[in-house]
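Okay, structure first, notes after.
Take a look at the structure:
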C-alpha cells in the first residue's frame, strides 16, 4: 500500500452482506487503510480480514472511543441494515448521552433513520463519506460498462426512464423503471427492483405484454436530492439475472451515481447474455 | 320511458363484457332509447335485449348506413375492445373508402386507435359521447359513495396519490397508486390495477410491508388530458375484492371522472368489508 491515502484513517461501519467487504477491499486498493466496525448479528464475519472491532448496536460510546483512539475522522456507513428492534439495542453511556438525537432518528422512515445517524456522527465532528467516495472504482462510469454498447434506438427509452424517476422524486418513490419503445412497463415502489423485474418477466410469459425477442431497458437512477453517501442505488449479479428473465435489451444507470456490486461477475453475466449496461447522464 | 331523452337517438358500439349493457340500461333509465351495435365475436349476446344490429369489425359502410337509417347523431364507444387482428377484419366498401384514416388509426398504440376511430365518426358528422355522459348515474360523485366515510387522516394519502398520478401523466403511465401514511407502496403501469393490488397483498403477506391492520388507500384518477369519452377509468367488484386482499382502508376516485361498474354490488361489497369508497377533487 502506498500513496497519500495510505495513512488516511477511515472507518467503515459494516451493514449486512458482502458489499461492505467489497468496498473495504476497493478502498484498500486505492491506498486507504480502512478500519472496519462489525455489528454483532448483522455484519459478515469477513470483517475480520481487516483491522476491526465488533460492537453491539447501541454501543455508541464505545464506538466513538474506538474511532478516537485511532485518530479516525472519516466514517462510511455501508451495506444493508435492517431496522433493529428497539429491544435488541444495548445502549451504553455514550448512547444514553445522545438519547434525544437517537430517538429523533428512530421516529421517521428508513431514510430519516440513516440521515439521523449520519447527523449524530457529524455532531461528533466526523465527516460522513459515501462508498462511492472511498471506492470510486465501484461506481458506474459513462458509456458502455460491459462488452455490449447500448444501441442508439435505446436512448429515448433511457431518457424517458430517467425523466419518470425525476418526476416521482417529490414522492420518494421509484428508483427504477422499465421502458420499451416509449411505453412504461413497470415502475418500482415498495416492492423493490427484483420484484419489479420479475413482474416484467411474468407479463411477458403470460403474454400480457405481447413482445417478441429482447425489448426494453431497465433504468436505475437516484431520486433527486437523495443523499448518495447514505443510500446509493446499486445493481449487481441478481439484477442481471432478473433482467435476463425479463428479456430486456439492457440496463442504464446514471454515471457517477450508481454502484456496481461484484463488478466483474456482474459485467461478465451481462456480456454472456448479450445485455448492455450503460452509464448515462440524465 | 319519458322526458326529453325519450326520443334522443343514440348508438352504443358495444365492446366486450357486461359494462356496455349496464350503460345501455342506465341510459334507458334516464329516458334515452339506445340502439346497440353488437360486434360479432366481441359483444355480449345481451345486446339483443335492446334494439340492435350485429356487425363484423370492418363493416364500416353498413354501420354508417344503419345509423343514418335511424337518424342517429350521437355515438358512444363502450367496453373493452382487444385490438383486432388485421386478418379478422371484413372491410366493406364504406371501410375501403375510409382506408387511409383507418390505417392511420391502426398504426399507433391503443389510445391512438381509439381516438383515430373517434375521429372517423366525427369526420362523418357524428358526436362521440362518453359513457359518463349518457349514464351519469354510473359516475363517482363527491364524498362517501358507500356506507363508510373516509377518515380525515386519509386525506393526505389521497392527495399524494392524485399528485403522483398527475406527475406521471406526461409519461402515459399510472392511473392507480397505493399510498399508506405518505409512503407510495405501489404504482400501476402495464400490469393493470388488479395485479398492482395483488402485489400489495403479497408484500403484506410476506411481511415485506410490516403493517398491521387495514392501511393504505388505492387512488384512481385519469391521466391529465385523458379523453374520458374513450377511456374512462373504472372500478368494480373485482377492484373491491383486490382491495380487501391488500387490506386497504379504502378507495378514492376522482369525482366525475371514474365509473363505478355494477355499482350496487360494488358498494355493497365495500360496505361489508368496512372499506371506504370516496369521490374526491384533486
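Residue numbers (my numbering), protein chains in the order written: chain F, 108 to 389; chain R, 108 to 389.
Built from N, CA and C at the ideal position, the CB exists for glycine as well.
Between residue 117 of chain R and residue 144 of chain R, the C-beta gap is not smaller than 8 Å, which leaves the two residues out of contact.
For residue 359 of chain R against residue 257 of chain R, the beta-carbon gap comes to about 7 Å, under 8 Å, which counts as contact. Ranked by how close their Cα comes to the Cα of residue 131 of chain R, the residues R/156, R/345, R/376 have R/156 in first place.
Residue 137 of chain F sits in coil when the DSSP states are folded into three classes, being neither helix nor strand. Under the DSSP assignment, residue 290 of chain R falls in the beta strand (DSSP E) whose first and last residues are 290-294. Using a Cβ distance threshold of 8 Å, residue 376 of chain F and residue 308 of chain F do not count as a contacting pair. Non-local C-beta neighbours of residue 288 of chain F in its own chain, meaning closer than 6 Å and more than five positions away in sequence, are absent. Annotated three-state conformation of residue 256 of chain F is coil, per DSSP. Contact annotation for residue 293 of chain R against chain F: 296, 297, 298 [CB-CB distance below 8 Å, chain order]. In chain order, 291, 294 make up the part of chain F whose C-beta sits under 8 Å from the C-beta of residue 281 of chain R. Relative to residue 187 of chain R, the option among R/318, R/356, R/150 whose CA is nearest is R/150. Contact with chain F is absent for residue 157 of chain R, since none of that chain's Cβ atoms lies less than 8 Å from the residue's Cβ.
CA-to-CA, the gap between residue 274 of chain R and residue 264 of chain R works out to about 15 Å. Burial of residue 364 of chain R is indicated by the presence of at least 16 other C-beta atoms within 10 angstroms of its C-beta.
Among the residues of chain R, those whose CB is under 7 Å from the CB of residue 267 of chain F are 278, following chain order.
Counting the other CB atoms within 10 Å of its CB gives residue 331 of chain R a total below 16, which places it among the exposed residues. Within chain R, 275, 278, 280 have C-beta atoms less than 8 Å from the C-beta of residue 271 of chain F, given in sequence order. Against residue 314 of chain F, chain R offers no close residue; the least beta-carbon distance is about 12 Å (beta-carbon pairs closer than 8 Å). Taking C-alpha positions only, residue 202 of chain F is separated from residue 166 of chain F by approximately 7 Å. For residue 181 of chain F, the number of other beta carbons within 10 angstroms of its own is at least 16, and it is reported as buried. Runs of beta strand (DSSP E) with 3 or more residues, each lying fully within the region 126-170 of chain R, are found at 140-146, 159-162, listed in chain order.
The DSSP-derived three-state label of residue 211 of chain R is helix. Against chain F, a Cβ distance below 9 Å from residue 310 of chain R picks out 297, 298, 302. Between the alpha carbons of residue 299 of chain F and residue 305 of chain R lies a gap of roughly 15 Å.
In terms of beta-carbon proximity, residue 214 of chain R stays away from the interface with chain F, with every pair separated by 8 Å or more.
Closest by C-alpha distance to residue 301 of chain F, out of F/349, F/292, F/259, F/278, is F/349. By the Cβ test, the region 224-242 of chain F is in contact with the region 333-342 of chain F, since at least three Cβ pairs between them sit closer than 8 Å. With a contact defined as Cβ atoms closer than 8 Å, residue 164 of chain F and residue 195 of chain F qualify at about 7 Å. Taking a C-beta distance under 8 Å as the contact criterion, residue 231 of chain F and residue 171 of chain F qualify as a contact pair. Among the CB atoms of chain R, none fall inside 8 Å of the CB of residue 255 of chain F. Listed as beta-bridge partners of residue 373 of chain R by DSSP are no residues whatsoever. In terms of CA proximity to residue 229 of chain F, F/184 leads the group F/268, F/184, F/245.
For the region 331-344 of chain R, there are no residues whose beta carbon sits under 7 Å from a beta carbon of chain F. Shown here, residue 278 of chain F sits in a helix according to DSSP, grouped into three states. The beta carbon of residue 197 of chain R does not come within 8 Å of any beta carbon belonging to chain F, so the residue lies off that interface. Between residue 334 of chain R and the set R/317, R/224, R/160, the nearest pair of CA atoms involves R/224.
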